[in-house]
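Undergrad: Numbering (UniProt numbering), first residue to last: 1 to 196. Okay, handing you the structure first.
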Ligand SMILES: CC(C)(COP(=O)(O)OP(=O)(O)OC[C@H]1O[C@@H](n2cnc3c(N)ncnc32)[C@H](O)[C@@H]1OP(=O)(O)O)[C@@H](O)C(=O)NCCC(=O)NCCS
């Protein structure tokens, strides 16, 4: 198999960008998707959106936000093209993404939200997709943070959805989960006051 490389979206051709947009739309329901323009701040920004490329073909999409004060990176979206799943590409793209982030001055310690399977009807496509995502995150070593009743804030225009919070620090288990939640709420969502 060839090599999978990470490339920033602003370096893609229009056709390649359209493929990435399709990958994003196949992977996330409308109500959970922000626009790619919002996700990609361009060169030097703390909002980074990238494609996973095989030669010139996009096969994956990821968007992150650097949380500079906490030294973590928030993974906002991560997807593999629907017709290329279960080939090991997700795992390879994860490895390449963390390398890319480290080289591009973003911490490779990643934090993310995961949808709860039990909030979708058993046997529905949404339930399956959420269970798949959790199986994937578990396979790459993601840790479910012991944070109960976390709800995604609405400050970016997304609905208030209960989520799991997960994280992966390649060097050690997460030491301060509550501090991490605070950093996410403050640095990404702009929320300084909340109930615990
Ligand atoms: C989650 C996703 C990125 C996985 O990508 P992928 O390329 O299919 O994953 P890989 O082939 O690298 O799989 C790596 C491991 O993940 C787990 N996994 C992946 N898909 C799985 C599935 N459908 N069922 C069970 N385990 C699965 C397995 O442990 C697998 O290892 P194995 O193949 O040795 O058993 C992909 O399914 C996707 O894009 N989903 C839609 C977007 C999404 O839900 N992203 C997460 C948002 S919360």
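Ideal Cβ positions, reconstructed from N, Cα and C, are used throughout, including at glycine.
1) Among 101, 60, 102, which one has its Cα closest to the Cα of residue 84?
2) Indicate the three-state DSSP secondary structure (helix, strand or coil) for residue 143 in the structure shown.
3) What residue range does the beta strand (DSSP E) around residue 113 cover?
4) Can you tell me whether DSSP reads residue 71 as helix, strand or coil?
5) Within 10 angstroms of the Cβ of residue 115, are there 16 or more other Cβ atoms? Answer buried if so, exposed if not.
6) Would residue 152 and residue 113 qualify as a contact pair, given that the criterion is a beta-carbon distance under 9 angstroms?
7) Grouping DSSP H, G and I as helix and E and B as strand, with all else coil, what is residue 125?
8) Could you check where the beta strand (DSSP E) with residue 50 kicks off and where it finishes?
9) Tell me where the beta strand (DSSP E) around residue 152 begins and ends.
10) Anyone know if the C-beta pair for residue 63 and residue 23 falls short of 9 angstroms?
11) Going by the C-beta, is residue 200 closer than 8 angstroms to any heavy atom of ligand 1?
12) Looking at C-alpha atoms only, which residue of 125, 7, 80 is the closest neighbour of residue 49?
13) At a threshold of 8 angstroms, does residue 36 count as lining ligand 1 (C-beta to nearest heavy atom)?
14) Is the beta carbon of residue 58 less than 9 angstroms from the beta carbon of residue 20?
15) Can you determine whether any heavy atom of ligand 2 sits closer than 8 angstroms to the C-beta of residue 6, and answer yes or no?
16) Closer than 6 angstroms between the C-beta and any heavy atom of ligand 1: which residues qualify, listed along the chain?
17) What's the call for residue 31, buried or exposed, on a 16-neighbour Cβ count within 10 Å?
18) Can you say whether residue 96 is buried or exposed, counting buried as having 16 or more other CB atoms within 10 angstroms of its CB?
19) Just the Cα atoms here: how many angstroms apart are residue 179 and residue 14?
20) What did DSSP end up calling residue 223 once you bin it into helix, strand or coil?
TA: According to the structure shown:
1) Taking the chain shown and counting its residues from 1, the one referred to as residue 84 is at position 84. Comparing Cα-Cα distances from residue 84 to each of 101, 60, 102, the minimum goes to 60.
2) Within the chain shown, residue 143 is the residue found at index 143, counting from 1. In this structure, residue 143 counts as strand in the three-state DSSP scheme.
3) The residue given as residue 113 occupies position 113 in the chain shown. Residue 113 -> beta strand (DSSP E) spans 110–115.
4) Locating residue 71 in the chain shown gives position 71, counting from the first residue. Note: residue 71 maps to coil in three-state DSSP.
5) Translated into positions along the chain shown, residue 115 becomes position 115. Result: buried.
6) To locate residue 152, count along the chain shown from 1; it is residue 152. To locate residue 113, count along the chain shown from 1; it is residue 113. Yes, the pair counts as a contact, with Cβ atoms nearer than the cut-off.
7) Numbered from 1 along the chain shown, position 125 holds the residue referred to as residue 125. DSSP places residue 125 in helix when its eight states are reduced to three.
8) Position 50 of the chain shown, counted from the start, is the residue given in the question as residue 50. First-last of the beta strand (DSSP E) with residue 50: 47–54.
9) Translated into the one-based positions of the chain shown, residue 152 becomes position 152. First-last for residue 152: undefined, no H or E at that position.
10) Along the chain shown, read from residue 1 onward, the residue named residue 63 stands at position 63. Along the chain shown, read from residue 1 onward, the residue named residue 23 stands at position 23. Against a cut-off of 9 angstroms, the Cβ pair of residue 23 and residue 63 comes out as no contact.
11) Not covered by the structure: residue 200. The range shown for the chain is 1 to 196.
12) If you number the chain shown from 1, residue 49 lands on position 49. Answer by Cα proximity: 7.
13) Your numbering for residue 36 matches position 36 in the chain shown. Because no heavy atom of ligand 1 lies under 8 angstroms away, the Cβ of residue 36 does not count as near it: no.
14) Numbered from 1 along the chain shown, position 58 holds the residue referred to as residue 58. Numbered from 1 along the chain shown, position 20 holds the residue referred to as residue 20. For residue 58 and residue 20, yes; Cβs fall inside 9 angstroms.
15) Because ligand 2 does not appear in the structure shown, any question about it cannot be addressed here, the ligands present being ligand 1.
16) 27, 78, 79, 80, 85, 86, 87, 88, 89, 90, 91, 114, 115, 129, 132, 133, 135, 136, 139
17) For the purposes of this step, residue 31 is taken as the residue at position 31 of the chain shown. Residue 31 comes out exposed.
18) Looking up residue 96 in the chain shown gives position 96. When all chains shown are included, residue 96 counts as buried.
19) Stepping through the chain shown from its first residue, residue 179 is reached at position 179. Stepping through the chain shown from its first residue, residue 14 is reached at position 14. Approximately 40 angstroms, taken between the alpha carbons.
20) This structure cannot settle anything about residue 223, because the visible part of the chain is limited to 1 through 196.
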